[in-house]
């Protein structure tokens, strides 16, 4: 997934709960989760669908910036994730 060169489709979700639900559901639908990241303004995860297409699913956090990109575990509870992004 690190060699996408920006070639992927992205889907915005309306809530952190929706992002977490889709993250948990992706493997059950045949998508391989490659990574999940905290971009600052967004939390996202990246998958390859069964045909190999790269997709990003993201939620806007309301933050302007976090000073960089860092991995994040979207399997954590919503409360834990909100605490991390508020720190």
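In this note's numbering, the protein residues as written are 2 to 88.
Yeah, the Cβ is synthetic: ideal placement off N, Cα and C, and Gly gets one too.
Which residues does DSSP list as the beta-bridge partners of residue i?
i, result
"residue 13", "59"
"residue 45", "38 and 59"
With a threshold of 16 other CB atoms inside 10 Å of the CB of residue i, please say whether the residue is buried or exposed.
i, result
"residue 39", "buried"
"residue 46", "buried"
"residue 27", "buried"
"residue 37", "buried"
If you reduce the DSSP assignment to three classes, tell me which class residue i lands in.
i, result
"residue 22", "helix"
"residue 71", "strand"
"residue 33", "strand"
Could you tell me how far apart the beta carbons of residue i and residue j are, in whole angstroms, since I believe they sit closer than 8 angstroms?
i, j, result
"residue 20", "residue 58", "6 angstroms"
"residue 79", "residue 18", "6 angstroms"
"residue 65", "residue 42", "7 angstroms"
So which of the options has the shortest CA-CA distance to residue i?
i, options, result
"residue 52", "81, 31 and 13", "31"
"residue 34", "80, 72, 82 and 86", "72"
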